[in-house]
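Engineer: In my numbering, the protein residues as written are 1 to 210. Here you go, one structure.
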């Protein structure tokens, strides 16, 4: 293929990538045989305001001068900047070569991350947990009171991997204290359920609660 044919074959890719990634992704095809008006195809140019016939960037010139294309086929995810604007740009460049292996064009992507950065900030704020509350956790169960009571008791008892009959009085007191801290005894039937699980009497549970 001639150099013209190679470059023209990449033009449909500009629209393909732009439509795939959406309006926040600018895609540019540079013909490096004429650096003064290297842009031969561009989509979503509202990001940088550049037009067909526009020139190459100083960074692209640096890449060509350093012959970065000899060692790699592309450079991805480097930071871009639009003069006078605050947009956060992530850029990538693919080196297009002729049949002799010489660079003749570049396909560049400039992704505007401004809206994503804002969304990230909003999500970060929504996910923020106060330092004083980090040890607290609300489990949003879709269960009945009976099931919840059973789960809360089981959650405490799993830290005592012995049969209730083998637990000493201090351990049972400790279990009742932990359950009380969780508000378990605010639930109807909690005393009877805990007494049954600990293999003791309800009167004993009431005594532990004093």
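Ideal Cβ placement from N, Cα and C applies to all residues, glycine included. Quantities reported herein were computed from a predicted structural model and do not represent experimental measurements.
Just the Cα atoms here: how many angstroms apart are residue 5 and residue 113?
Structural biologist: 34 Å
Engineer: With DSSP as the reference, identify every bridge partner of residue 30, one or two as the case may be.
Structural biologist: The secondary-structure analysis by DSSP pairs residue 30 across a beta bridge with 39, 106.
Engineer: Would you call the segment 173 to 189 in contact with the segment 150 to 162, where contact means no fewer than 3 C-beta pairs closer than 8 Å?
Structural biologist: yes
Engineer: Relative to the C-alpha of residue 10, which candidate in 75, 105, 172, 174 has its C-alpha closest?
Structural biologist: 105
Engineer: Can the beta-carbon of residue 91 be found closer than 8 Å to that of residue 80?
Structural biologist: Going by C-beta atoms, residue 91 is nearer than 8 Å to residue 80.
Engineer: Looking at the structure shown, is residue 92 part of a helix, part of a strand, or coil, going by DSSP?
Structural biologist: strand
Engineer: Does the segment 29 to 41 come close enough to the segment 66 to 73 to have 3 or more Cβ pairs within less than 8 Å?
Structural biologist: Because the criterion of three Cβ pairs below 8 Å is not met, the segment 29 to 41 and the segment 66 to 73 do not touch.
Engineer: Which of the three DSSP states is assigned to residue 78 in this structure?
Structural biologist: strand
Engineer: Looking at the structure shown, is residue 133 part of a helix, part of a strand, or coil, going by DSSP?
Structural biologist: Here the model assigns residue 133 a pLDDT of 45, short of 50, so the residue's position is not dependable and the matter cannot be decided.
Engineer: In this structure, how does DSSP classify residue 173 when only helix, strand and coil are distinguished?
Structural biologist: helix
Engineer: Could you check how far apart the C-beta atoms of residue 184 and residue 152 are, in whole angstroms? I think they sit under 8 Å.
Structural biologist: 5 Å
Engineer: Report whether the distance from the Cβ of residue 171 to the nearest heavy atom of the ligand MG is below 7 Å.
Structural biologist: The ligand MG is absent from the structure shown, which contains no ligands of any kind.
Engineer: Less than 6 Å between C-beta atoms, sequence neighbours within five positions excluded: which residues of the same chain meet that for residue 56?
Structural biologist: The answer, listed in chain order, is 30, 35, 38.
Engineer: With C-beta atoms as the reference, is residue 111 less than 8 Å away from residue 24?
Structural biologist: Contact flag set, yes.
Engineer: Could you give the DSSP three-state label for residue 210: helix, strand or coil?
Structural biologist: coil
Engineer: Check whether the Cβ atoms of residue 26 and residue 47 lie closer than 8 Å to each other.
Structural biologist: yes
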